[in-house]
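So the sequence lines, in the order shown, correspond to chains A and B. Start counting the first sequence at 1390; every next residue gets the next number (this note's numbering). Start counting the second sequence at 1390; every next residue gets the next number (this note's numbering). Here the structure is laid out as structure tokens; the discussion comes afterwards.
2 protein chains.
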Amino acid sequence: MEPFSQQFEQRSRDRGEQRMADHTPPRFDADFRARLYDLLRWRRDVRRFKRDPLPDGTMERLIGVACLSPSVGLSEPWRFVLVENAKRRAAIRANFEVCNKEALEMQDPDRAALYARLKLAGLDDAPVQIAVFSDRGTAQGGRLGRLTMPETLDYSVVTAVHTLWLAARAEGLGLGWVSILDPARMTAILEVPETWVFIGHLCIGYPQKEDDTPALEREGWEHRHAPEGVVIRR
Amino acid sequence: MEPFSQQFEQRSRDRGEQRMADHTPPRFDADFRARLYDLLRWRRDVRRFKRDPLPDGTMERLIGVACLSPSVGLSEPWRFVLVENAKRRAAIRANFEVCNKEALEMQDPDRAALYARLKLAGLDDAPVQIAVFSDRGTAQGGRLGRLTMPETLDYSVVTAVHTLWLAARAEGLGLGWVSILDPARMTAILEVPETWVFIGHLCIGYPQKEDDTPALEREGWEHRHAPEGVVIRR
């Protein structure tokens, strides 16, 4: 397989050779912004996947795009673990089941029935599973910008996950972020270094359905609120 | 001033009324993806701003777009504090100076001179400053998805910051995320509820220069690494 960077660079050359070469800043117009807003509006946290595999090289390309994300001090602390082994996948599924059962038991009785009906993971059908970690031990970036807030390393990884999410959606792929998991178990199951902090487990594949409304809103669990409620002035 | 949601919805209606109305999923083509990659490639963490003010309604629109971001359990825990008061801005600048001095002193001697030359905040020139918090105390979302990982609330806020960043860049605006700050001091300076966790302080304005290379790479502090180094298979 070609290295990721070559695959990614090849794509880039195919599509913007002239501008890449002379480093002329791009101009983004109203049409592009409208499409970008469409992308944001139709990005979903997908739980129901088709089982079809992805074309070869898809994940390499998407991870290459994700690596364009911002990171504190240019530390690039994101670590992507492609989970392919069936036993490890089964162990992650078992981890989810335990945590989800505990979460169900902690719900108010009048919400428990609704909770139980929600589909909260796409672990059985999604062809791709990626566990994402933040390397808190990385020397890259010389600790710049993270002395008072070491959690900014984790935040950098979250921006990379979000970039991956948007890039996937722009190819018609869905992504579901599973967080009902025990982080320590994930580290053990995947045998990654102790300095890696678990950020999230991603299921990726073709969605059964595209939607502009969050599943939790469709199912009556919660609804989105107006933006003015989250802004204050000081 | 019009409420945020109305302003945002008006824009949406102007640009995609038909598709919005019938909820037909958009199709994203190779041209759009190439432009999206351009956006990601030319997003920068901006530290040098022009002092020009932003057009009225810009921040309301951008925050409305940011609220399209994913959030754990649909909790929407993002809280945006528009910092306008001169005394509070001065206090934040003083907070940065203290933290930055400490960070400088902790650098290796051979890196300290380079560190001192880096411009690490745009607090003096950026017309807009926004402190962003995560409301760890929110009841919204019924704690779904966050029992084992309450930090996913903060991660949700980070995706909103990243969305704001991309939406700003698509309008030719730059954003700089300042993290060399004491979170407890930020909470005190801005007099926000104790349950709010400080995520980051954002400077927004027109950049003095557009670039496809991170400032820290241009200045010789750090360089980006090839994506294949951050992927493992399990």
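All C-beta atoms, glycine included, are put in the ideal place defined by N, C-alpha and C.
Comparing alpha-carbon positions, the option among A:D1499, A:A1419, A:E1494 and A:L1562 lying closest to A:R1440 turns out to be A:L1562. Residue contact with chain A for B:S1460: absent (no Cβ-Cβ distance below 7 Å to any residue of chain A). Collapsing the DSSP output to three states places B:P1572 in a helix. Proximity to A:S1464 across B:E1580, B:R1622 and B:E1611 peaks at B:E1611, based on C-alpha coordinates.
Out of B:G1446, B:T1602, B:L1570 and B:K1598, the CA that lies nearest to the CA of B:R1437 is found in B:K1598.
Under the 7 Å criterion on CB atoms, B:Y1544 is classed as interfacial with respect to chain A. Approximately 5 Å separates the beta-carbon atoms of A:S1545 and A:V1461; this is inside 8 Å, confirming the contact. Taken in chain order, the unbroken stretches of beta strand (DSSP E) that lie wholly in the segment 1484–1553 of chain A and span 3 residues or more are 1517–1524.
Under the Cβ distance rule, A:H1590 does not count among the residues neighbouring chain B, no pair being separated by less than 7 Å.
Spatial neighbours of B:P1596 in its own chain (CB-CB distance under 6 Å, excluding positions within 5 residues in sequence) are listed in chain order as V1435 and G1563. CA-to-CA, the gap between B:D1513 and A:G1609 works out to about 46 Å. At a cut-off of 4 residues, the continuous stretches assigned as alpha helix (DSSP H) that sit fully inside the segment 1585–1610 of chain B are 1604–1607. In the DSSP assignment, B:W1566 forms a beta bridge with B:L1591. A direct Cα-Cα distance of roughly 7 Å separates A:F1421 from B:F1421. Out of B:R1574, B:G1530 and B:L1443, the CA that lies nearest to the CA of A:M1538 is found in B:R1574. Note that the C-beta distance between A:V1470 and B:I1621 is below 7 Å. The DSSP-derived three-state label of B:F1469 is strand. Residues of chain A whose Cβ lies closer than 7 Å to the Cβ of B:T1541 are, in chain order, S1568. A:R1622 carries a strand assignment under DSSP once its states are collapsed to helix, strand and coil. Between B:R1506 and B:V1586, the gap from beta carbon to beta carbon reaches 7 Å or more.
Note on B:R1450: 16 or more other CB atoms within 10 angstroms of its CB, so buried under the neighbour-count rule. For B:P1415, the closest alpha carbon among the candidates A:R1430, A:L1579 and A:T1413 is that of A:R1430. Nearest in C-alpha terms to A:P1444, of all of A:I1569, A:L1605, A:H1590 and A:E1560, is A:E1560.
Taking C-beta separations shorter than 7 Å and ignoring five residues to either side along the sequence, the partners of A:D1543 in its chain run S1523, V1586 and I1588, following chain order. Against chain A, a Cβ distance below 8 Å from B:I1452 picks out P1616, V1619 and V1620. When only Cα atoms are considered, B:A1492 and B:R1478 end up about 21 Å apart.
Residue contact check for A:R1477 against chain B: a CB pair falls below 7 Å. Per DSSP, the beta-bridge partners of A:D1434 are A:L1564. Under the three-state reduction of DSSP output, B:L1463 falls in the helix class.
Boundaries cannot be given for A:R1613, as no alpha helix (DSSP H) includes it and DSSP labels it neither H nor E. Using beta-carbon distances, A:M1538 counts as an interface residue toward chain B, with a partner under 7 Å.
For A:V1470, the residues of chain B that pass the 9 Å Cβ criterion are V1620, I1621, R1622 and R1623, in the order they occur in the chain. Sequence-distant Cβ neighbours of B:A1510 in its own chain, meaning closer than 6 Å and more than five residues away, are F1485 and V1567. A check of alpha carbon separations from A:A1520 across A:H1551, A:N1489 and A:V1472 identifies A:V1472 as the nearest. One finds E1611 and H1614 in chain A with Cβ atoms closer than 8 Å to the Cβ of B:Q1529, taken in chain order.
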